[in-house]
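K.L.:
If you count the sequence shown from 1, you need to add 258 to reach my numbering. Quick reminder that beta carbons are idealized off the backbone N, C-alpha and C, glycines included.
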Amino acid sequence: PANTVTTVCAGLINTMKHFFVLLLVCAAVNGNAQNISSPYSILGIGDIENDDYGRYSASGSAAVSRRENGYYNFSNPASLTVMNYKSINLDFAFRGKTSQFKVPGVDTLSAATKDFIVKRITMAFKLTPTIGIAFGLKPFSSVNYQYNTISSIADGSAQYIKYTDGSGGIYQSYFSAAKQLNKNFSVGATASWLFGSLQSSTEYYNSNIGLDIIKSENKFYYGAGLQAGLQYYTAAEKKWKHTIGITGSVFSNLKGQNTVEYTENSTAIKTLQAEDISFKLPLSITAGYSAKNISGLGFHVQGSYQKWPVQKLAYRNSFVNNAYGLNAGVEYSRMLKETPVESYYIGIGVKVEQSYLLVNNQRLNTYAVTFGGGKNLSRLIGVNGGFEVGRRGQFSSSQIQENYFRFSVGITVKDFWYGTKRFGRFN
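(1) Let's test the definition: count the other Cβ atoms within 10 Å of the Cβ of Leu338 and tell me whether it reaches 16, buried, or not, exposed.
(2) When burial is assigned at 16 or more other CB atoms within 10 Å of the CB, is Pro387 buried or exposed?
(3) If the criterion is Cβ atoms closer than 8 angstroms, does the pair Gly587 and Thr628 meet it?
(4) Measure how close the beta-carbons of Gln515 and Lys538 come, nearest whole angstrom, since I'm counting them as under 8 angstroms.
(5) Leaving out the 5 sequence neighbours to the left and right, which residues in its chain are closer than 7 angstroms to Asp309 when beta-carbon positions are compared?
(6) Checking the sheet assignment: what are the DSSP bridge partners for Tyr418?
(7) Shortest alpha-carbon distance to Phe393 belongs to which of Val445, Lys384 and Ile606?
(8) Quick one: give me the first and last residue of the beta strand (DSSP E) that Gln620 is part of.
(9) Give me whichever residues DSSP pairs with Gln457 in a beta bridge.
(10) What's the call for Asn290, buried or exposed, on a 16-neighbour Cβ count within 10 Å?
(11) Using the Cα positions of Asn402 and Ser431, report the straight-line distance between them to the nearest angstrom.
(12) Going by CA-CA distance only, name the one from Asp365, Ile552 and Leu615 that's closest to Trp566.
(13) In the DSSP output, what is Ala545 paired with across the bridge?
(14) Can you give the beta carbon distance from Phe350 to Ile379, rounded, assuming they're within the 8 angstroms contact cut?
(15) Could you check if Lys496 is buried or exposed, using at least 16 other CB atoms within 10 Å of its CB as the buried criterion?
(16) How far does the beta strand (DSSP E) with Asn308 in it reach, from first residue to last?
(17) Quick check: what's the CA-CA separation for Gln417 versus Glu461?
(18) Would you kindly work out how many angstroms separate the C-alpha atoms of Ala494 and Leu638, rounded to a whole number?
(19) Please report how far the alpha carbon of Ile300 lies from the alpha carbon of Met381, in whole angstroms.
(20) Give me the Cα-Cα distance between Ile408 and Ser415, rounded to the nearest whole angstrom.
(21) Could you check the C-alpha separation between Ser601 and Ser655 for me, to the nearest Å?
(22) Please check the pair Asn244 and Ser536, which I expect to be a contact at CB under 8 angstroms, by giving their CB distance rounded to whole angstroms.
(23) Quick one: Cα of Leu488 to Cα of Gln659, how far?
(24) Could you check how far apart the C-beta atoms of Gln485 and Thr448 are, in whole angstroms? I think they sit under 8 angstroms.
(25) Could you tell me the alpha carbon to alpha carbon distance between Ile552 and Phe653, rounded to whole angstroms?
(26) Roughly how many whole angstroms lie between the Cα atoms of Ile669 and Ala581?
(27) DSSP three-state call for Thr339: helix, strand or coil?
(28) Does DSSP put Tyr330 in a helix, a strand or coil?
(29) In three-state DSSP terms, what is Ser654?
(30) Under 8 angstroms, do Pro335 and Gly446 count as touching if we go by C-beta distance?
(31) Alpha carbon to alpha carbon, how far is Leu555 from Asn342? Give it in angstroms, no decimals.
(32) Quick check on the DSSP output: the beta strand (DSSP E) that includes Gly607 runs from which residue to which?
(33) Where does the unbroken beta strand (DSSP E) through Tyr582 begin, and where does it stop?
(34) How about Asn442 and Tyr491: are their beta carbons less than 8 angstroms apart?
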């Protein structure tokens with residue numbers, strides 16, 4: 259027994275070493291691949307994305323009640339119990355996007371902007387027949403915007419160009435654990451640590467009067483969060499399998515510091531004293547229902563609600579408000595004969611989201627259609643892909659309207675624990 263524990267632990271440690279190297283590589287790729295402009299990310303802590311970028315993106319990201327073996331489900335930690343005993347999954351999710359913007363007062367669409375970033379990397383284990391764990395890293399929010407405006411000097415004698423550029427985001431590192439209580443119930447929890455920085459650079463320029471000053475602002479945030487999840491599911495052998503999923507999340511206030519520096523010709527001319535800052539995060543509740551026929555046809559729906567504390571943002575007539583979401587999808591999956599292994603799946607879905615941002619008393623809404631599919635290429639590797647066509651904001655409501663096309667790619671590497679072939683791999 260001692261040798262068994264030593265062998266398994268050595269294998270896990272070796273696997274985790276490679277995992278953390280991958281985290282560093284993916285974080286570097288994520289930081290360098292973003293070049294898309296997201297105008298509304300200038301507000302708050304940027305764009306917060308709660309979508310699934312793995313298996314469930316094809317069916318509208320309605321994932322809180324999903325339990326498919328071989329795919330990681332971040333939406334509900336209770337789903338970890340569906341994994342096979344002694345199995346280990348390494349999950350990657352990537353997202354690409356192209357967008358065009360329509361600005362009030364301008365009839366034509368802007369040129370297309372593009373990006374490709376890493377959205378999640380996770381390692382999951384099934385420790386015992388009833389307990390599963392996972393840990394990983396994903397973006398919590400992202401900031402990427404660019405603006406050009408022309409302003410006048412106070413006495414009206416001259417004008418200057420004001421060029422504003424923003425980047426950065428908040429990352430979420432997390433650890434999840436789940437336990438199967440009986441043949442119909444599983445519970446789980448995810449503990450998270452949030453950290454990251456938002457950078458803003460504003461250049462004031464007029465060559466005629468020798469004005470070229472850059473204001474550099476850096477906001478560093480950190481905080482913590484906890485999510486609890488529950489899933490109830492009926493027996494898989496019945497004609498229809500029903501699953502209900504519920505999650506609740508709470509976060510501490512993000513705290514940190516804001517530093518501001520002014521430079522001229524690359525020389526610092528003024529540095530302000532660091533200022534303590536904070537940002538309040540919401541209480542979130544999500545509930546969903548899934549019905550899957552033994553033939554492989556499934557229907558999935560979920561609703562979400564975020565209760566945001568009232569807080570003013572740093573721009574005129576902009577506030578934080580409660581957010582809502584509705585996701586629904588249909589999916590068909592084909593199983594390999596006489597095995598519990600899925601061969602492939604295809605899905606389609608819709609989603610409606612209401613952002614946490616309120617600008618000029620106008621809600622910022624997103625409407626989208628999703629579709630995609632996936633396949634297990636072998637016992638060790640599964641791949642999935644999803645596509646989304648949508649619109650964010652409404653031109654007729656004097657909002658910047660974004661028309662976008664988004665795709666996601668997921669890869670899951672699956673195997674059993676290192677060393678367990680000798681010590682009861684198939685028991």
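P.N.:
Looking at the coordinates:
(1) buried
(2) exposed
(3) yes
(4) That belief does not hold up - the Cβ atoms of Gln515 and Lys538 are roughly 17 angstroms apart, past 8 angstroms.
(5) Only Ser315 and Ser319 meet the Cβ criterion.
(6) Ser409
(7) Lys384
(8) Gln620 to Asn634
(9) Ser425 and Asn476
(10) Low confidence applies to Asn290: its pLDDT is 41, below 50, so where it sits in the model is not reliable, and the reading given next is rough at best. Under this definition Asn290 is an exposed residue.
(11) 21 angstroms
(12) Leu615
(13) Ile504 and Gly561.
(14) 6 angstroms
(15) exposed
(16) That residue, Asn308, is in no beta strand (DSSP E); it is neither H nor E in DSSP.
(17) 13 angstroms
(18) The alpha-carbon atoms of Ala494 and Leu638 are separated by roughly 24 angstroms.
(19) 33 angstroms
(20) 14 angstroms
(21) So the two alpha carbons sit approximately 46 angstroms from each other.
(22) There is simply no residue 244 to check, as the chain begins at 259 and stops at 685 in what is shown.
(23) 37 angstroms
(24) For Gln485 against Thr448, the beta-carbon gap comes to about 4 angstroms, under 8 angstroms, which counts as contact.
(25) Roughly 45 angstroms between the two C-alpha positions.
(26) 31 angstroms
(27) helix
(28) For Tyr330, the secondary structure class from DSSP, reduced to helix, strand or coil, is coil.
(29) helix
(30) yes
(31) 23 angstroms
(32) Glu600 to Val617
(33) Ala581 to Met593
(34) yes
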